[in-house]
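K.L.:
Residue numbers (UniProt numbering): 1 to 454.
Sharing a structure, written as structure tokens. Questions coming.
Next comes the structure, spelled out in structure tokens:
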């Protein structure tokens, strides 16, 4: 009986120990991954002459270094350009930093486990609250020397290294000194940048090269000029320093442009790059978010662009459910700044953004809804919209007004609520020119077209 009791107690203790270890299991897996990475890449610490051994199949025999990493106490934050998936692995060996990464990376097989072991700071690029939390975490870790350096790729995506796209503000808001670092991949035949190619194909091509060359340059530390220097100005100084050292131009592109490119590519456009608009410039002018720009691209693609990426007048009217009239011509001319009879996505996006973000747009929407709807019901039925539109533009017939009504009545319930009305105008801000009460008598008059609504 005593032996049985002892065995039972032993089993019970094992179960208790197992469940206690359950919460720390991920930590053990992470540390195992760290060891596995070191074995796979077989780093020669004594000579620092090679990053990857032949057994790792990447064949990085020569790493050219220029400059030195600043002590963590001097520069707790590191920013680097981003060309390929190799840089995080190199920095993992060289500096063992905390990396700021997109939440989507956590789902990557094997890689997700590795970056979790590096105490990664995750950020959802489309969530303001997530970005705000990430900035707080960057500041907390940068302020304490017990934490490793914080590494950011402020471009937010990989590029081919031939230009420097717009930096995000996350590395510069905390206000700590940063050390810029540049990576290059000299090549003759095979460009190692991770762009419009799958990761598997890129790795296969790298594995088949006899040698892959890699260069890293540590630039002088950049500190805030004073306590009142804005994060934007701090970012601009760092961006200029990196672009100058790389001898490349700075552009206003962001990750949002990549989203536009991919959307155009999915739509099988012949030249997807023509739909990139330098989102950083657009964001600074109109505070348009990337997801809003993608929604406008969906609308533009529905207008059936030609092979050059331009939309003709009749397709523009068809998608907006409008008919040809003097006011429609003014609306199109407002966007067609080149006066060539067709518009590009950039022109459509800039024109729509200007109207939607104008200080008078919301008030114009409120006035239009109040004019169309009954004060008692609080919604618009088709007959009310027909009366309003035919009073504004007598040449419209019932079928044409019905098409416009269906555009607003997205849920097909036979009525346009205030939410339906505002949602449709947010997606199609140019339509406000037809719905603003004080324009009803101006179908053929005035010289400013859509600008008259604001």
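For every residue, glycine included, the Cβ atom is placed at its ideal position computed from N, Cα and C.
What is the DSSP secondary structure of residue 92, reduced to helix, strand or coil?
P.N.:
If DSSP states are grouped into helix, strand and coil, residue 92 belongs with the helices.
K.L.:
From which residue to which residue does the beta strand (DSSP E) around residue 64 run?
P.N.:
That run of the beta strand (DSSP E) goes 63-66.
K.L.:
To the nearest angstrom, report how far apart residue 423 and residue 372 are at their CA atoms.
P.N.:
The straight-line gap from Cα to Cα measures roughly 16 Å.
K.L.:
So does the segment 311-327 actually touch the segment 245-260, counting three or more Cβ pairs closer than 8 Å?
P.N.:
Short answer: they don't touch.
K.L.:
Are the beta-carbon atoms of residue 416 and residue 393 separated by less than 8 Å?
P.N.:
For residue 416 and residue 393, no; Cβs fall outside 8 Å.
K.L.:
Whole angstroms are fine: how far does the CA of residue 287 sit from the CA of residue 65?
P.N.:
Spanning the two alpha carbons is a distance of roughly 40 Å.
K.L.:
Considering residue 216, what are the terminal residues of the beta strand (DSSP E) in which it resides?
P.N.:
Note, residue 216: beta strand (DSSP E), 214-218.
K.L.:
Spatial neighbours of residue 91 within its chain, please: C-beta separation below 7 Å, excluding the five flanking residues on both sides.
P.N.:
Same-chain partners within the cutoff: 97, 151.
K.L.:
If you drop the 5 nearest sequence neighbours on each side, which residues of the same chain put their C-beta closer than 6 Å to that of residue 435?
P.N.:
Answer for residue 435: 368, listed in chain order.
K.L.:
Quick check: what's the CA-CA separation for residue 259 versus residue 294?
P.N.:
Approximately 7 Å between the Cα atoms of the pair.
K.L.:
Using 8 Å for Cβ pairs, my map puts residue 76 next to residue 142. What's the rounded Cβ distance?
P.N.:
The Cβ separation is near 4 Å, so the contact holds.
K.L.:
Within its chain, find whatever has a CB closer than 7 Å to the CB of residue 119; leave out the 5 residues flanking it on each side and keep chain order.
P.N.:
Taken in chain order, the residues that qualify are 98.
K.L.:
With burial defined as no fewer than 16 other Cβ atoms inside 10 Å of the residue's Cβ, what is the status of residue 328: buried or exposed?
P.N.:
By the 10 Å Cβ count, residue 328 comes out buried.
K.L.:
Go through its chain and collect everything with a Cβ distance to residue 310's Cβ below 7 Å, but skip five positions before and after it.
P.N.:
So the list reads 342, 343, 344, once near-sequence residues are dropped.
K.L.:
So, is residue 168 buried or exposed, given that buried needs 16 or more other C-beta atoms within 10 angstroms?
P.N.:
Residue 168 comes out buried.
K.L.:
So if DSSP puts residue 184 in a beta bridge, which residue, or which two residues, is it bridged to?
P.N.:
Residue 184 pairs with 215.
K.L.:
The alpha helix (DSSP H) with residue 435 in it runs from where to where?
P.N.:
Residues 432-435.
K.L.:
Taking residue 354 as the reference, which of 136, 173, 426 has the closest Cα?
P.N.:
Considering only alpha carbons, the answer is 426.
K.L.:
Using the Cα positions of residue 134 and residue 322, report the straight-line distance between them to the nearest angstrom.
P.N.:
Taking the straight line from one Cα to the other gives about 45 Å.
K.L.:
Taking the beta carbon of residue 304 as the centre, do at least 16 other beta carbons fall within 10 Å, making it buried, or is it exposed?
P.N.:
Per the 10 Å Cβ criterion, exposed.
K.L.:
Residues in the same chain with beta-carbon distance under 7 Å from residue 276, minus the five sequence neighbours each way, listed in chain order, please.
P.N.:
Contacts found: 253, 257, 260, 261.
K.L.:
Could you tell me which residues DSSP pairs with residue 335 in its beta bridges?
P.N.:
Answer is none; residue 335 lacks a bridge partner.
K.L.:
So for residue 324, helix, strand or coil by DSSP?
P.N.:
Three-state DSSP puts residue 324 in coil, outside helix and strand.
K.L.:
Looking at C-alpha atoms only, which residue of 225, 105, 125, 178 is the closest neighbour of residue 69?
P.N.:
The shortest Cα separation from residue 69 among 225, 105, 125, 178 belongs to 178.
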